[in-house]
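> Shown below is the structure under consideration.
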Amino acid sequence: MSNEEIKATARRMLEQVFPNEDVAALPELVAEDFVNHDGPPGAPQGRAGLAAGMHVLAGAFSDQRWEMHQVLADGDTVVMYCTHSGEHTGEFMGIPATGRRFAYQQVHLVRFADGLGVEHWAVRDDATFMRQVTGQQPVAQPA
23 MSNEEIKATA
33 RRMLEQVFPN
43 EDVAALPELV
53 AEDFVNHDGP
63 PGAPQGRAGL
73 AAGMHVLAGA
83 FSDQRWEMHQ
93 VLADGDTVVM
103 YCTHSGEHTG
113 EFMGIPATGR
123 RFAYQQVHLV
133 RFADGLGVEH
143 WAVRDDATFM
153 RQVTGQQPVA
163 QPA
């Protein structure tokens with residue numbers, strides 16, 4: 023696949039498949055043995071694990087969206103810089119629904135082989151997400 027093709031595939035995952043919980047599209051996008059290096063501890067891997075993650079997000083957040091700011095590809099790897107936004111309408115990580123809106127930045131790296139995503143890493147601004155969802159401000163650390 024060309025750089026443009028893997029960029030389009032990666033974008034489709036976050037812009038269309040995840041927000042719509044389109045599990046049926048996963049075989050077109052990721053390998054059966056897909057590895058998510060950024061999943062929660064003990065989370066299943068593979069397509070089934072990715073589908074489970076999609077269900078968790080869909081159950082916790084409504085009006086989800088990933089707005090792409092920059093998408094780069096080099097060789098077999100795509101890097102996506104984006105903002106994930108939505109409304110916290112269901113339990114997530116033990117936090118009951120708050121109805122609060124959130125928007126926080128993420129960077130995703132996806133490695134491809136034979137036209138399918140095979141590995142994923144992410145860096146997310148989870149502190150900002152938690153502040154927005156819970157309404158709590160961070161505790162100042164002593165100097």
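Count the sequence shown with our numbering and you get residues 23 to 165, in order.
Even glycine gets a Cβ: it sits at the ideal position worked out from N, Cα and C.
#1: Along the chain, where does the alpha helix (DSSP H) containing Asp-148 start, and where does it finish?
#2: At which residues does the beta strand (DSSP E) containing Met-23 begin and terminate?
#3: Taking Cβ positions, are Ala-73 and Leu-48 nearer each other than 8 Å?
#4: Mind checking Ala-82: buried by the 16 CB within 10 Å criterion, or exposed?
#5: Is the beta carbon of Val-140 sitting closer than 8 Å to the one on Val-57?
#6: Among Thr-120, Met-90 and Ala-32, whose alpha-carbon lies nearest the alpha-carbon of His-142?
Based on what the coordinates show:
#1: Numbered from its first residue, the sequence shown carries residue 148 at position 126. Residues 148-156.
#2: On the sequence shown, position 1 is the one that residue 23 refers to. Neither: Met-23 is in no beta strand (DSSP E) and is coded neither H nor E.
#3: One-based indexing of the sequence shown puts residue 73 at position 51. One-based indexing of the sequence shown puts residue 48 at position 26. Cβ atoms of Ala-73 and Leu-48: closer than 8 Å.
#4: The count along the sequence shown starts at 1 and reaches residue 82 at position 60. It counts as buried.
#5: As a working note, residue 140 is residue 118 in the sequence shown. As a working note, residue 57 is residue 35 in the sequence shown. Taking 8 Å as the Cβ cut-off, Val-140 and Val-57 qualify as a contacting pair.
#6: Translated into the one-based positions of the sequence shown, residue 142 becomes position 120. The shortest Cα separation from His-142 among Thr-120, Met-90 and Ala-32 belongs to Ala-32.
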